[in-house]
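Residue numbers (the numbering used here), protein chains in the order written: chain A, 53 to 341; chain B, 0 to 238; chain C, 529 to 850.
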Amino acid sequence: MEILAPLLQYLISGLTNGAIYALIALGFGIIYNATTIINFAQGEMVMLGALCAISIYHVNPSLPLAFAGGVAMVTVIGLVFERLALRPVRDPSPISLIIITVGGAVFIKGIAMLLWGKDPYSLPPFTSNVPIGLGPATILPQNLWVLGVGALLVLFLEAFLRLTLVGKAMRACAYNPRAARLVGISTGRMVQLSFGLSAALGAAGGILIAPLTLGVYDMGTMLGLKGFSAAILGGLGSILGGVLGGLLLGVAESLASGLISSGYRDAVAFLILLVALFIRPQGLLGGKQ
Amino acid sequence: MAVNDISFGVPAGLVKAVIGPNGAGKTTLFNLITGFLAPQRGRILYREQEIQSLPAYAVASLGIARTFQLVQLFDHMTVLENVMVGRHRLSRAGLFSGGLRLPWARREEAAIRDKALEALEFVGLADRAAQPAAVLPLGLKRLLEIARSLASEPSLLLLDEPASGLDRVETERLGEMILTLRDRGITILLVEHDMSLTMEVADDIAVLNYGRLIAEGPPRAIQKHPEVIAAYLGTDWQG
Amino acid sequence: MRLPRLLNRWLLFTAAVFLIALLMENEYYLTLLNFIGIHTLLVVGLNLLMGYAGQISLGHAAFFGLGAYTSGILTVTYGLNPWLAMLAGMIISGVAAFLIGIPALKLRGYYLAMATLGFGVIVYIVFTEAQAWTGGPSGLAGIPALHLAGLSFDTPWKLYLLIWMVVILILILSASIVDSRIGRALRALHDSEAAAESLGVNTQRLKLLIFVWSALYASLAGSLFAHTMNFIAPSSFDIMFSIKLVTMVVVGGMASVWGSLLGAGVLTILPEVLVFFHDFEVVIFGGILMVVMIFLPRGLVRGLLDLKEFRRYKRQGGAFPV
Chain A
53 MEILAPLLQY
63 LISGLTNGAI
73 YALIALGFGI
83 IYNATTIINF
93 AQGEMVMLGA
103 LCAISIYHVN
113 PSLPLAFAGG
123 VAMVTVIGLV
133 FERLALRPVR
143 DPSPISLIII
153 TVGGAVFIKG
163 IAMLLWGKDP
173 YSLPPFTSNV
183 PIGLGPATIL
193 PQNLWVLGVG
203 ALLVLFLEAF
213 LRLTLVGKAM
223 RACAYNPRAA
233 RLVGISTGRM
243 VQLSFGLSAA
253 LGAAGGILIA
263 PLTLGVYDMG
273 TMLGLKGFSA
283 AILGGLGSIL
293 GGVLGGLLLG
303 VAESLASGLI
313 SSGYRDAVAF
323 LILLVALFIR
333 PQGLLGGKQ
Chain B
0 MAVNDISFGV
10 PAGLVKAVIG
20 PNGAGKTTLF
30 NLITGFLAPQ
40 RGRILYREQE
50 IQSLPAYAVA
60 SLGIARTFQL
70 VQLFDHMTVL
80 ENVMVGRHRL
90 SRAGLFSGGL
100 RLPWARREEA
110 AIRDKALEAL
120 EFVGLADRAA
130 QPAAVLPLGL
140 KRLLEIARSL
150 ASEPSLLLLD
160 EPASGLDRVE
170 TERLGEMILT
180 LRDRGITILL
190 VEHDMSLTME
200 VADDIAVLNY
210 GRLIAEGPPR
220 AIQKHPEVIA
230 AYLGTDWQG
Chain C
529 MRLPRLLNRW
539 LLFTAAVFLI
549 ALLMENEYYL
559 TLLNFIGIHT
569 LLVVGLNLLM
579 GYAGQISLGH
589 AAFFGLGAYT
599 SGILTVTYGL
609 NPWLAMLAGM
619 IISGVAAFLI
629 GIPALKLRGY
639 YLAMATLGFG
649 VIVYIVFTEA
659 QAWTGGPSGL
669 AGIPALHLAG
679 LSFDTPWKLY
689 LLIWMVVILI
699 LILSASIVDS
709 RIGRALRALH
719 DSEAAAESLG
729 VNTQRLKLLI
739 FVWSALYASL
749 AGSLFAHTMN
759 FIAPSSFDIM
769 FSIKLVTMVV
779 VGGMASVWGS
789 LLGAGVLTIL
799 PEVLVFFHDF
809 EVVIFGGILM
819 VVMIFLPRGL
829 VRGLLDLKEF
839 RRYKRQGGAF
849 PV
């Protein structure tokens, strides 16, 4: 029982962080499917989501408004980023695209630092902050919000891609862009959509986690990297893989930081990434390379 | 394109042509032989050695060189440097020996340069040696690609539509070049749409259609082969 | 004709380096030049990888740090000869690069970028957390100066001579590699991997080789850095520094040994002379990366040179790739 309580506690916090990683991983996957680009600026969308929502909340203290406003603003930023930084690219080789999106990430982070400064901001939890007992452990209502909304978003995404015409068109583009163009799907539009969609997912993740971790200009880098690790771990471009990878990564690093040392928490996440690259580069649920 | 159950031999020291309508699987066949694609089953033998599971660079190291249907030059390098890369498999200077210009590496480098120039002279591009490869017109690019593969001293050379984009005069010169190479003992496997060129240089022809071998034999027999005529009727028989 | 011209250029450069040493007395400027030299070593190596092999490392600060910390720890804690420690650093960095490179280079595109980024984060965390060895966030002090034949490199002036001699040697070596068999194979694989393979170039092994090689340069630079500063702390080896190195490559131009010197010079001096730079540093570096790569994918200097060459050859009727 003495061992079980902290383990359960690590599991809860690991799943919570993992849900955020999963949302970011899905963002990576959506863009990758549409363009085969890895958007290294994805993590910054998470940061922007949190900070925009916090700023909106300061003007008008309504959480639903802050959530919707934050997501909407970042979606627009994602679309603008695609329009300004990626569409004009003259040489779409992987190395150019890596440098451009890394540059974009750094640029966005720098702008955020100028706008919001280096101090962290808090966002109140969505509902009460009273811990709920769960056997020997406790869980915060915000943890439940993260898990619940996260799961909902994943289901929405899945439904969107499977059931709607636009979603089907996006999947068609991912499978075979040339054939998709032949049947009249505008791939340019799909690329745009993928950037908007993944920015929105990232922003939602940032707003969900902000009440637990605070929002600060440099939070996006690490979250983005872990989201990518999750995507690689699960299999880049697979929804279920992204979710699985995110949750696994979150739990693993939470356990490691609790049982070994909290300082090495982030190192564990990347160690998992390196090991995954070694053993199964296509990811847990990825197809052949 | 898929290729199925093709079985044929390339006699050493001759020019063998592979023809067939668009989409017959000729380029796929080339990619299989040169290790750019791995066959799902079957064997590819080169001098009694199985090569079907070798990666492309290893196939090349055995002396099998190729050109590409869409010319693949090293655009940011000079014409001469392009051909010098062809000597890669026959030379061995590494980071240290090459970087430090050890005496033997220096000699090797000089030999690479000489052999490369020789290959350029053979195709008639020696006077363009110092230009960036990218500025050459298409016809000369094809010749440069041939020079580059020749520099690797192949015993088997695969030419993937070498005449496409060439004018009449250039095509004629290409034909002579292919025959000269054969006389030097290089076995040549040729994919070509230009029928007059093919009939002129080939000793032996294999006809593919829909990934299958439908006929094989000397040019005269192939021209009269009923199945070949049927396969080409109504399709884009070129040349 | 080629060789004498090349030699001349190097002689001129060496003469300029020594002339500066004779004339320059201001220690601040000398120190700045020393940093430029160290950055140049890093950027040349990274440029071989990015400009020639077409791969990218987003964790080069880690190899720089491995060199610095290996030198620091082995000399301070274990009293080892600094030159041996430098060698040990290079071995460790080389092995690390080799181990990361094997899986990452088997896959195309993004995997080396991601693996090096992850590696960079891990190494940075270890520098911070392994306090017993590294001194943690407060750093490792008391790293001795390098000695050679009774001469101690302990002033900015002497260090200047040492560092720039190394820079000259490495630049010559790198330019020479680019112009050798391996260099040609590298440039070839950057332009067409298929064609390079078809000529017998084992592209995967070549990429690995050059990645390890660039890690060795970075480690060497790190050791020099440690013995120059006599003090090191993790903050010198964070992700942002890796990204700054990439920016230096991009500014200097891909596939350009001389451009590396220029990129390192410009981006080391700018933050020093422009007071406002500090606040906007991150934005400026990010902006440079995006704008240059969108419009001049081969980098700033290289891109401009290409444009010049393009005009020269346009008359002959070919399209020069930009």
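Built from N, CA and C at the ideal position, the CB exists for glycine as well.
Bear in mind the structure is a predicted one, so any value in this text is a computation, not a measurement.
Original post:
Can you list the residues of chain C that A:K170 reaches, using a CB-CB cut of under 7 angstroms?
Top reply: Within the first sequence, numbered from 1, the residue matching residue 170 of chain A stands at position 118. Going along chain C, no residue has its Cβ under 7 angstroms from A:K170, so there is no contact; the nearest lies around 11 angstroms.
**OP:** Please specify which runs of the alpha helix (DSSP H), each continuous and at least 4 residues long, are wholly inside the region 584-656 of chain C, giving them in chain order.
**Re:** 588-604 and 610-634
Original post:
Interface residues of chain A around C:A641 at Cβ under 7 angstroms?
Top reply: Here residue 641 of chain C refers to the residue found at position 113 when the third sequence is read from its first residue. By Cβ distance, chain A contributes I150.
**OP:** Return the bridge partner residues of B:D203 from the DSSP annotation.
**Re:** Stepping through the second sequence from its first residue, residue 203 of chain B is reached at position 204. In DSSP, B:D203 forms a bridge with B:K15.
**OP:** Leaving aside the five residues before and after C:E558 along the sequence, list all residues of the same chain whose C-beta is less than 7 angstroms from its C-beta, in chain order.
**Re:** Numbered from its first residue, the third sequence carries residue 558 of chain C at position 30. Looking at the sequence shown, residue 558 of chain C is not Glu but Leu. So the qualifying residues of the chain are M552, P684, W685 and Y688.
**OP:** Just confirm the distance between the C-beta atoms of A:G294 and A:A124, as a whole number of angstroms; I'd bet it's less than 8 angstroms.
**Re:** Position 242 of the first sequence, counted from the start, is the residue given in the question as residue 294 of chain A. Position 72 of the first sequence, counted from the start, is the residue given in the question as residue 124 of chain A. Between A:A124 and A:G294 the Cβ distance is about 23 angstroms, and since that is not below 8 angstroms, they are no contact.
**OP:** Name, please, each residue of chain A whose Cβ falls closer than 7 angstroms to the Cβ of C:F765.
**Re:** The count along the third sequence starts at 1 and reaches residue 765 of chain C at position 237. Within chain A, no residue comes near C:F765; the closest Cβ sits about 14 angstroms away, beyond 7 angstroms.
Subject >> Proximal residues to C:V829 (C-beta, below 7 angstroms), its chain only, five neighbours per side dropped >> reply: Position 301 of the third sequence, counting from 1, holds the residue named residue 829 of chain C. Closer than 7 angstroms at the Cβ level, and outside the excluded window around C:V829, lie G780, G781, S784, G787 and L790.
Subject >> Residue ranges of each alpha helix (DSSP H) within the region 251-331 of chain A, 4 or longer >> reply: 271-286, 291-311 and 317-331
**OP:** Measure the Cβ-Cβ separation of A:G267 and A:L175 and say whether it is below 9 angstroms.
**Re:** Looking up residue 267 of chain A in the first sequence gives position 215. Looking up residue 175 of chain A in the first sequence gives position 123. Against a cut-off of 9 angstroms, the Cβ pair of A:L175 and A:G267 comes out as a contact.
Original post:
From the beta carbon of B:S6, is the nearest beta carbon of chain C less than 9 angstroms away?
Top reply: Taking the second sequence and counting its residues from 1, one reaches residue 6 of chain B at position 7. By this cut-off, B:S6 is not an interface position.
Subject >> Any 3 or more C-beta pairs closer than 8 angstroms across the region 187-198 of chain A and the region 53-66 of chain A >> reply: yes
Original post:
Excluding the five sequence neighbours on either side, which residues of its own chain have a C-beta within less than 7 angstroms of the C-beta of B:E160, listed in chain order?
Top reply: Taking the second sequence and counting its residues from 1, one reaches residue 160 of chain B at position 161. Hits under 7 angstroms: Q68, V190, E191 and H192.
Original post:
Are the beta-carbon atoms of C:D682 and C:A673 separated by less than 9 angstroms?
Top reply: Against the third sequence, residue 682 of chain C aligns to sequence position 154. Against the third sequence, residue 673 of chain C aligns to sequence position 145. Cβ atoms of C:D682 and C:A673: closer than 9 angstroms.
**OP:** Kindly list, in the order they appear in chain B, the residues whose Cβ is closer than 8 angstroms to that of C:T731.
**Re:** For this step, residue 731 of chain C is matched to residue 203 along the third sequence. Ordered by position in chain B, the residues that pass the 8 angstroms Cβ test against C:T731 are Y56.
Original post:
Counting contacts by CB-CB distance shorter than 9 angstroms, is B:L13 in contact with chain C?
Top reply: Residue mapping note: residue 13 of chain B aligns to position 14 of the second sequence, counting from 1. For B:L13, the answer is no, since every Cβ of chain C falls outside 9 angstroms of its Cβ.
**OP:** State whether the region 647-663 of chain C contacts the region 321-337 of chain A, with contact taken as three or more CB pairs (one from each stretch) at a distance under 8 angstroms.
**Re:** yes
Original post:
Is C:G781 helix, strand or coil by DSSP?
Top reply: Your numbering for residue 781 of chain C matches position 253 in the third sequence. Coil at C:G781, not helix or strand.
Original post:
Okay, do the region 96-115 of chain A and the region 3-12 of chain B touch, 3+ Cβ pairs below 8 angstroms being the bar?
Top reply: no
Subject >> chain C contact residues for A:R135, given Cβ-Cβ distances below 8 angstroms >> reply: Here residue 135 of chain A is taken as the residue at index 83 of the first sequence, counted from 1. Correct list: empty, because the minimum Cβ distance to chain C is about 12 angstroms.
Original post:
Counting contacts by CB-CB distance shorter than 9 angstroms, is B:G85 in contact with chain C?
Top reply: Position 86 of the second sequence, counted from the first residue, corresponds to residue 85 of chain B. Closer than 9 angstroms to some Cβ of chain C, the Cβ of B:G85 qualifies, so yes.
Subject >> Length of the line joining the Cα atoms of B:V17 and B:I187 >> reply: On the second sequence, position 18 is the one that residue 17 of chain B refers to. On the second sequence, position 188 is the one that residue 187 of chain B refers to. If I take the Cα positions, the gap works out to 11 angstroms.
Original post:
Since B:P38 and B:Q48 are thought to touch, with beta carbons under 8 angstroms apart, how far apart are those beta carbons, to the nearest angstrom?
Top reply: Position 39 of the second sequence holds residue 38 of chain B. Position 49 of the second sequence holds residue 48 of chain B. The pair is not a contact, with the Cβ atoms about 15 angstroms apart (cut-off 8 angstroms).
**OP:** Find the residues of chain C that neighbour A:P333, judging by a C-beta separation of less than 8 angstroms, and give them in chain order.
**Re:** Within the first sequence, the letter at position 281 stands for residue 333 of chain A. Neighbours of A:P333 on chain C, chain order: P631, K634, L635 and Y639.
**OP:** Take every Cβ of the region 74-94 of chain A, pair it with every Cβ of the region 234-253 of chain A, and state whether three or more of those distances are shorter than 8 angstroms.
**Re:** yes
Subject >> B:G93 vs C:S704 beta-carbon contact at 9 angstroms >> reply: On the second sequence, position 94 is the one that residue 93 of chain B refers to. On the third sequence, position 176 is the one that residue 704 of chain C refers to. Contact flag unset, no.
Original post:
What's the gap between the Cα of B:W103 and the Cα of B:R88?
Top reply: The count along the second sequence starts at 1 and reaches residue 103 of chain B at position 104. The count along the second sequence starts at 1 and reaches residue 88 of chain B at position 89. Distance between the alpha carbons of B:W103 and B:R88: 17 angstroms.
Subject >> Residue range of the unbroken beta strand (DSSP E) whose run includes B:V190 >> reply: The residue given as residue 190 of chain B occupies position 191 in the second sequence. Where B:V190 is concerned, the enclosing beta strand (DSSP E) stretches over T186 to V190.
**OP:** Step through the CB atoms of chain A and report whether any lies within less than 9 angstroms of the CB of C:F813.
**Re:** As a position in the third sequence, residue 813 of chain C is number 285, starting the count at 1. By this cut-off, C:F813 is an interface position.
**OP:** Measure the C-alpha to C-alpha separation of C:L608 and C:V571 and round it to an integer number of angstroms.
**Re:** In the third sequence, counting from the first residue as 1, residue 608 of chain C sits at position 80. In the third sequence, counting from the first residue as 1, residue 571 of chain C sits at position 43. Roughly 28 angstroms separates the two Cα atoms.
Subject >> Spatial neighbours of A:G272 in its chain, beta-carbon cut-off 6 angstroms, leaving aside the 5 residues before and after >> reply: Locating residue 272 of chain A in the first sequence gives position 220, counting from the first residue. Once the five neighbours on either side are set aside, the close Cβ partners of A:G272 are G95, E96, V98 and M99.
**OP:** Determine the burial state of C:L633: buried for a count of at least 16 other Cβ atoms within 10 Å of its Cβ, exposed for fewer.
**Re:** In the third sequence, counting from the first residue as 1, residue 633 of chain C sits at position 105. It counts as buried.
Original post:
What residue from C:A723, C:I584 and C:M614 has the CA that sits closest to C:A754's CA?
Top reply: As a first step, residue 754 of chain C must be located in the third sequence, where it is residue number 226. Nearest C-alpha to C:A754: C:M614.
**OP:** Return yes when the Cβ of C:T796 is within less than 9 angstroms of the Cβ of C:H588, no when it is not.
**Re:** Residue numbering aside, residue 588 of chain C sits at position 60 when the third sequence is read from its first letter. Residue numbering aside, residue 796 of chain C sits at position 268 when the third sequence is read from its first letter. In this structure, C:T796 does not lie closer than 9 angstroms to C:H588 by Cβ.
**OP:** Please report the residue range of the beta strand (DSSP E) in which C:S666 lies.
**Re:** Within the third sequence, the letter at position 138 stands for residue 666 of chain C. Element bounds for C:S666: n/a, residue is neither H nor E.
Original post:
If you follow the beta strand (DSSP E) that A:I184 is part of, which residue opens it and which one closes it?
Top reply: Residue numbering aside, residue 184 of chain A sits at position 132 when the first sequence is read from its first letter. Looking at the DSSP string, the run of the beta strand (DSSP E) that includes A:I184 is I184 to L186.
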